[in-house]
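J.:
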Amino acid sequence: MKQYLQQDNWCIIEEGFHHAHNRISESVFSLGNGHMGQRANFEEDYSGETLQGNYLAGVYYPDKTRVGWWKNGYPEYFAKVLNASNWIGIHIEIDGEPLDLAQCEVKEFTRTLNMKEGYLEREFIAQMKNGKAVKVLATRFLSIANKEIGALRYAITPLNFSGAIIATPYLDFDVKNQDANYGEKFWEEVKKYQPNGKDAFIVAKTKKTNFYTATGTNFQIWQVGKEQNLHPFLTDRDKYLAATYTVELKKNEETVFYKYVANVTSRDYDSKQLLEIAMQRIQTATTQGFDAMKEAQAKAWENKWAHSDITIEGDVAAQQAIRFNIFQLDQTYTGEDARLNIGPKGFTGEKYGGSTYWDTEAYCLAFYLATASPEVARNLLLYRYKQLDKAIENAGKLGFTDGAALFPMVTMNGEECHNEWEITFEEIHRNGAIARAVYDYVRYTGDESYLADFGLELLIAIARFWSQRVNFSDDKRKFVMLGVTGPNEYENNINNNWYTNTIAAWCMDYTREVADFVKRTAPEKYTALVGKVNFHEATEIAQWKHIAENMYYPTSEKLGVFLQQEGYLDKEQILVADLDKKHLPLNQKWSWDRILRSCFIKQADTLQGIYVFEDRYDMDTIERNFDFYEPRTVHESSLSPCVHAILAAKLGRQEKAYQMYLRTSRLDLDDYNNDTEDGCHITSMAGTWMAVVQGFGGMRVREGQLHFTPFLPEKWEGYTFKINFRGALLRVRVHQEGVTIENESTQNISLYVHGEQYDLAGKEVLNTNLQAVFA
Ligand code: BGC
Numbered sequence: 036m037k038q039y040l041q042q043d044n045w046c047i048i049e050e051g052f053h054h055a056h057n058r059i060s061e062s063v064f065s066l067g068n069g070h071m072g073q074r075a076n077f078e079e080d081y082s083g084e085t086l087q088g089n090y091l092a093g094v095y096y097p098d099k100t101r102v103g104w105w106k107n108g109y110p111e112y113f114a115k116v117l118n119a120s121n122w123i124g125i126h127i128e129i130d131g132e133p134l135d136l137a138q139c140e141v142k143e144f145t146r147t148l149n150m151k152e153g154y155l156e157r158e159f160i161a162q163m164k165n166g167k168a169v170k171v172l173a174t175r176f177l178s179i180a181n182k183e184i185g186a187l188r189y190a191i192t193p194l195n196f197s198g199a200i201i202a203t204p205y206l207d208f209d210v211k212n213q214d215a216n217y218g219e220k221f222w223e224e225v226k227k228y229q230p231n232g233k234d235a236f237i238v239a240k241t242k243k244t245n246f247y248t249a250t251g252t253n254f255q256i257w258q259v260g261k262e263q264n265l266h267p268f269l270t271d272r273d274k275y276l277a278a279t280y281t282v283e284l285k286k287n288e289e290t291v292f293y294k295y296v297a298n299v300t301s302r303d304y305d306s307k308q309l310l311e312i313a314m315q316r317i318q319t320a321t322t323q324g325f326d327a328m329k330e331a332q333a334k335a336w337e338n339k340w341a342h343s344d345i346t347i348e349g350d351v352a353a354q355q356a357i358r359f360n361i362f363q364l365d366q367t368y369t370g371e372d373a374r375l376n377i378g379p380k381g382f383t384g385e386k387y388g389g390s391t392y393w394d395t396e397a398y399c400l401a402f403y404l405a406t407a408s409p410e411v412a413r414n415l416l417l418y419r420y421k422q423l424d425k426a427i428e429n430a431g432k433l434g435f436t437d438g439a440a441l442f443p444m445v446t447m448n449g450e451e452c453h454n455e456w457e458i459t460f461e462e463i464h465r466n467g468a469i470a471r472a473v474y475d476y477v478r479y480t481g482d483e484s485y486l487a488d489f490g491l492e493l494l495i496a497i498a499r500f501w502s503q504r505v506n507f508s509d510d511k512r513k514f515v516m517l518g519v520t521g522p523n524e525y526e527n528n529i530n531n532n533w534y535t536n537t538i539a540a541w542c543m544d545y546t547r548e549v550a551d552f553v554k555r556t557a558p559e560k561y562t563a564l565v566g567k568v569n570f571h572e573a574t575e576i577a578q579w580k581h582i583a584e585n586m587y588y589p590t591s592e593k594l595g596v597f598l599q600q601e602g603y604l605d606k607e608q609i610l611v612a613d614l615d616k617k618h619l620p621l622n623q624k625w626s627w628d629r630i631l632r633s634c635f636i637k638q639a640d641t642l643q644g645i646y647v648f649e650d651r652y653d654m655d656t657i658e659r660n661f662d663f664y665e666p667r668t669v670h671e672s673s674l675s676p677c678v679h680a681i682l683a684a685k686l687g688r689q690e691k692a693y694q695m696y697l698r699t700s701r702l703d704l705d706d707y708n709n710d711t712e713d714g715c716h717i718t719s720m721a722g723t724w725m726a727v728v729q730g731f732g733g734m735r736v737r738e739g740q741l742h743f744t745p746f747l748p749e750k751w752e753g754y755t756f757k758i759n760f761r762g763a764l765l766r767v768r769v770h771q772e773g774v775t776i777e778n779e780s781t782q783n784i785s786l787y788v789h790g791e792q793y794d795l796a797g798k799e800v801l802n803t804n805l806q807a808v809f810a
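Using the working numbering, read the sequence shown as starting at 36 and increasing by one per residue.
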């Protein structure tokens, strides 16, 4: 755990340069706009510890799989979002000495991520070895108003001299991924264009996947409010262009370098036109200019915050943390493009390859449903729908037939990329989360048309998978599911994971229900679908019903709990509290073998199921399971504590809920798990949001209506969150006197607070009193 960042309501601030933590800061201060993103690398040279990272959403490379022992069915490759061109670089040299914060004395360093307006700023004084001192103020952002554009302003002021310095802005596609299985570079140059020193364009393409990308930059030098026309020396080598300027600086006078960038790819345009399009985008950016673009950026963020902000009164650390979580989620996925998804590290690092996991449906969807327009969540769903053919193919490779689909555990384009057999072949519960997302989306938005257009087709394929994956046990007289891995990856190849069996049976039931609904409400579409997927309605539906009704669920009557898996109680039962702290985290201290045989649980598993299907269980059942599983859970996945926080809140265990919430809310800001240098835990950030809104706020959607059962954590004076629901925009404030709900839209809405129904007209404010709320 490291606490070197300053607390502030709207900004993340590093005061004084923390060399040793630079890779952590590079992750935390990352920028993104859904189309591209970058780690907070420096513009000038840096010879210290750094992970260079510029990423373009959806531009990936299929890096050939490396495993010790190949098994049939393994994927051929692991998809990686590529480190793309470094466009921020400006090499600065003063009297032959490069400006490099690892090599000079750094004073008055401040780095600020302004989340309110969406930009990154860095200020410092560098005392060079040669005695020269310069002050630098560097500001940059990736435009969310104009996704293909980014800009930076680099202002340099000599403090103790007047004279010439060298400034070499460059564009560098000759980059690597740190995580490359065979150490190869993934980009090939296609063409370059450097009409003068100011503009530079490189078109490169990825090997194998042939994503063409054009990166263009424009560089300007301004002194005393005027652009300077200097003649640079040009450098042109493979995948690299630079222009070297000699710039005369005056003591105490600011010289400003502007660098604009455009990144366009063949995902969106014809590859032959990319250069021209990049040139047009650069033209747009320079015409608008840095200040106007920065203003537009602030406006765009203002709008995002208006729909998604959470405020916390009386706790700056918590306020900063929750905004950081929301900011990163909004930087990562903006929802206009159904071909994109959310990597567990977003644009902040290479880990997890930028690929899609079940994290999206199980954790992120709820955030986007409540804070953005329904199209955003719909596009997350369509992403899977568009990959349905690949999921059917994937299941086919494993021996499933007749249109059964197994969605991949990890994917970029629908193909499975994960290659540990116990996860690839066994962690099949992901199929359940993908089906459940359809249900969650329809329940939240009321958009039932989705079912006939896309949902049912996907559900049929998933139900078919489950019906083939189970087998009938003569011994148990029940359907069983053998050889699986549940969400708890600390045990593999187990039989009858309660969560997987539960969600599988639910999928089959829900598919029947949706089939019936579509047949009644959209008969033509239904008939077309029956033909398209060769749906043997009567037999398949009867089969799903039979399996779901006769599914086996391991249970301990004695303890009154559902069993995570059949053999769970055979394990030596120890509680985390009884473990010497020196054993934690288990994944770093214990052998894998020891972990697998232990009773310790990596992340919510049975409790994940209870969270998802909470309405099925009474409070006693929830409590018994919580009290059994929580003390055995080590929460070594950041996706875990939020589920426990929500259940603790439901059980009225407010202190426990708060403790659980704290485990993820500042996970990256305080480098809680010692791994933020690899990137931030973006998908767990959605879990933090869930802990506040569903946990503390107790928000649920039941029968098309919003319900709140909020409580106020003791440490806070009050908090507010925003909810976008079926055209209404609500600001829910929970404070010491009660709950205030302001309808910021003109849409009337009926909702429940602690079980009491209220009708709220557009623009109306509802105040519920203390008794009603905290009774
Ligand atoms: C978790 C998975 C998760 C993945 C990516 C793993 O550590 O166990 O549930 O999908 O990380 O976030």
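Just so you know, even glycine gets a beta-carbon here, dropped at the ideal spot from N, CA and C. This one's a predicted model, so the numbers in the text were calculated from it and none came from an experiment.
1. Spell out a yes or no on whether the segment 593-601 and the segment 527-538 are touching, meaning 3 or more CB-CB pairs, one atom from each, closer than 8 Å.
2. Go through its chain and collect everything with a Cβ distance to F552's Cβ below 6 Å, but skip five positions before and after it.
3. Around the ligand BGC, which residues pass a check of Cβ closer than 7 Å to any of its heavy atoms?
4. Using three-state DSSP, classify V596 as helix, strand or coil.
5. Is the distance from the Cβ of Y189 to the Cβ of E78 below 8 Å?
6. So which of I361, G773, Y476 has the shortest CA-CA distance to G153?
7. Between which two residues does the alpha helix (DSSP H) harbouring G166 extend?
8. Taking the alpha-carbon of H670 as reference, which of P522, L148, Y304 has the nearest alpha-carbon?
9. Going by beta carbon distance, what residues of the same chain come within less than 6 Å of A810, once the five residues before and after it are set aside?
10. Look at the Cβ atom of C139, then the Cβ atom of K170, and state whether they are nearer than 8 Å.
11. By how many angstroms is the C-alpha of L493 removed from the C-alpha of A3?
12. Buried or exposed: which applies to M654, given that a residue is buried once 16 or more other Cβ atoms fall within 10 Å of its Cβ?
13. Does DSSP classify A331 as helix, strand or coil?
14. Is the segment 65-80 in contact with the segment 400-412, if contact means three or more CB pairs nearer than 8 Å?
15. With 16 as the cutoff for other CB atoms within 10 Å, does K490 come out buried or exposed?
16. From the DSSP output, read off the bridge partner residues of Q255.
17. Can you grab the Cα-Cα spacing for the pair R146 / S197, in whole Å?
18. When the Cβ atoms of the segment 405-423 are set against those of the segment 470-480, are three or more pairs found closer than 8 Å?
19. Output needed for M36: all residues of its chain with C-beta closer than 6 Å, excluding positions within five of it in sequence on either side, in chain order.
20. Between A92 and the rest of its own chain, which residues show a CB-CB distance below 7 Å, the 5 nearest in sequence each way excluded?
21. By the DSSP assignment, the beta strand (DSSP E) with M444 in it spans what residues?
22. Is it buried or exposed for F246, if we count other Cβ within 10 angstroms and need 16 for buried?
23. What do you get for H266, buried or exposed, if any count of 16 or more other CB atoms within 10 angstroms of its CB means buried?
24. Please classify V808: does DSSP put it in a helix, a strand, or coil?
25. Please state whether the Cβ-Cβ distance between N195 and K151 is less than 8 Å.
26. Do the segment 754-765 and the segment 364-383 meet, that is, are 3 or more Cβ pairs less than 8 Å apart?
27. Over the uninterrupted alpha helix (DSSP H) stretch that includes V411, give me the two end residues.
28. List the endpoints of the continuous beta strand (DSSP E) containing P745.
29. Within this structure, are the beta carbons of Q771 and L801 separated by less than 8 Å?
30. DSSP on D613, reduced to helix/strand/coil?
31. Can you tell me which of T520, I469, T459, I357 puts its alpha carbon nearest to the alpha carbon of Q422?
32. Whole-angstrom Cβ separation of G144 and K329, contact assumed at under 8 Å?
33. For E777, collect the residues of the same chain with a Cβ closer than 6 Å to its Cβ; drop the 5 residues on either side in sequence, then sort them by chain order.
34. Report all residues from its chain with a CB closer than 8 Å to the CB of Q38; omit the five preceding and five following residues, and keep chain order.
35. Measuring alpha carbon to alpha carbon, tell me which residue in R272, A557, K294, K243 is nearest T262.
36. Over what stretch of residues does the beta strand (DSSP E) that includes C46 continue unbroken?
T.: Concretely, from the data shown:
1. yes
2. Against the sequence shown, residue 552 aligns to sequence position 517. For F552, where only same-chain residues beyond five positions count, there are no Cβ hits under 6 Å.
3. P379, Y387, Y392, W393, D394, P522, E524, K637, Q638, S672, L674, T718
4. One-based indexing of the sequence shown puts residue 596 at position 561. DSSP places V596 in strand when its eight states are reduced to three.
5. For this step, residue 189 is matched to residue 154 along the sequence shown. For this step, residue 78 is matched to residue 43 along the sequence shown. Yes, Cβ-Cβ distance for Y189 and E78 is below 8 Å.
6. In the sequence shown, residue 153 corresponds to position 118, counting from 1. Check the Cα spacing between G153 and each of I361, G773, Y476: the tightest is with I361.
7. Here residue 166 refers to the residue found at position 131 of the sequence shown. Run containing G166: none; DSSP gives neither H nor E here.
8. Reading the sequence shown from its first residue, position 635 is the one you call residue 670. Closest by alpha carbon: P522.
9. Position 775 of the sequence shown holds residue 810. Model confidence at A810 stands at a pLDDT of 42, short of 50, so the residue's coordinates are unreliable; what they give is reported in the following sentence. Counting only Cβ-Cβ distances below 6 Å, and skipping sequence neighbours, we find nothing.
10. Within the sequence shown, residue 139 is the residue found at index 104, counting from 1. Within the sequence shown, residue 170 is the residue found at index 135, counting from 1. In this structure, K170 does not lie closer than 8 Å to C139 by Cβ.
11. Because residue 3 is not part of the residues shown, which for the chain are 36 to 810, the question remains open.
12. Locating residue 654 in the sequence shown gives position 619, counting from the first residue. Flag for M654 reads exposed.
13. Within the sequence shown, the letter at position 296 stands for residue 331. In the structure shown, A331 sits in a helix (DSSP, three-state: H, G or I).
14. no
15. Stepping through the sequence shown from its first residue, residue 490 is reached at position 455. The question names Lys, yet the displayed sequence has Gly at residue 490. Counting Cβ neighbours within 10 Å, G490 comes out buried, since at least 16 surround it.
16. Here residue 255 refers to the residue found at position 220 of the sequence shown. DSSP lists Y293 as partners of Q255.
17. Indexing the sequence shown from 1 puts residue 146 at position 111. Indexing the sequence shown from 1 puts residue 197 at position 162. Rounded to the nearest angstrom, the two C-alpha atoms are 27 Å apart.
18. yes
19. If you number the sequence shown from 1, residue 36 lands on position 1. Same-chain partners within the cutoff: D705, Y707.
20. The residue labelled residue 92 in the question sits at position 57 within the sequence shown. Result list for A92: G69, H70, M71, L375, in chain order.
21. One-based indexing of the sequence shown puts residue 444 at position 409. Run containing M444: none; DSSP gives neither H nor E here.
22. By one-based count along the sequence shown, residue 246 stands at place 211. Buried, by the Cβ-count rule.
23. The residue labelled residue 266 in the question sits at position 231 within the sequence shown. Classification of H266: exposed, given that the 10 Å Cβ count is below 16.
24. As a first step, residue 808 must be located in the sequence shown, where it is residue number 773. No answer about V808 holds up, because its pLDDT of 45 lies below 50 and its placement is not dependable.
25. If you number the sequence shown from 1, residue 195 lands on position 160. If you number the sequence shown from 1, residue 151 lands on position 116. No, the Cβ-Cβ distance between N195 and K151 is not below 8 Å.
26. No: fewer than three Cβ pairs fall under 8 Å.
27. Here residue 411 corresponds to residue number 376 of the sequence shown, with the count starting at 1. Taken as a continuous stretch (DSSP letters only), the alpha helix (DSSP H) holding V411 covers 409-421.
28. To locate residue 745, count along the sequence shown from 1; it is residue 710. Looking at the DSSP string, P745 is not in any beta strand (DSSP E), and its letter there is neither H nor E.
29. As a working note, residue 771 is residue 736 in the sequence shown. As a working note, residue 801 is residue 766 in the sequence shown. Between Q771 and L801, the CB-CB gap reaches or exceeds 8 Å.
30. Walking along the sequence shown from the start, residue 613 turns up at place 578. For D613, the secondary structure class from DSSP, reduced to helix, strand or coil, is helix.
31. Locating residue 422 in the sequence shown gives position 387, counting from the first residue. Out of T520, I469, T459, I357, I469 has the C-alpha closest to the C-alpha of Q422.
32. Here residue 144 refers to the residue found at position 109 of the sequence shown. Here residue 329 refers to the residue found at position 294 of the sequence shown. Before going on, a small fix: residue 144 reads as Phe here, not Gly. At roughly 22 Å, the Cβ-Cβ gap does not stay under 8 Å, so F144 and K329 are not in contact.
33. Residue numbering aside, residue 777 sits at position 742 when the sequence shown is read from its first letter. Same-chain partners within the cutoff: R766, V800.
34. Taking the sequence shown and counting its residues from 1, one reaches residue 38 at position 3. If we look at Q38 and ignore the five residues flanking it on each side, its Cβ neighbours are D705.
35. The residue you call residue 262 lines up with position 227 of the sequence shown. The sequence given here places Glu at residue 262; Thr does not occur at that position. Looking at the Cα atoms, K294 is the closest of the given residues.
36. By 1-based counting over the sequence shown, the position of residue 46 is 11. Looking at the DSSP string, the run of the beta strand (DSSP E) that includes C46 is 46-50.
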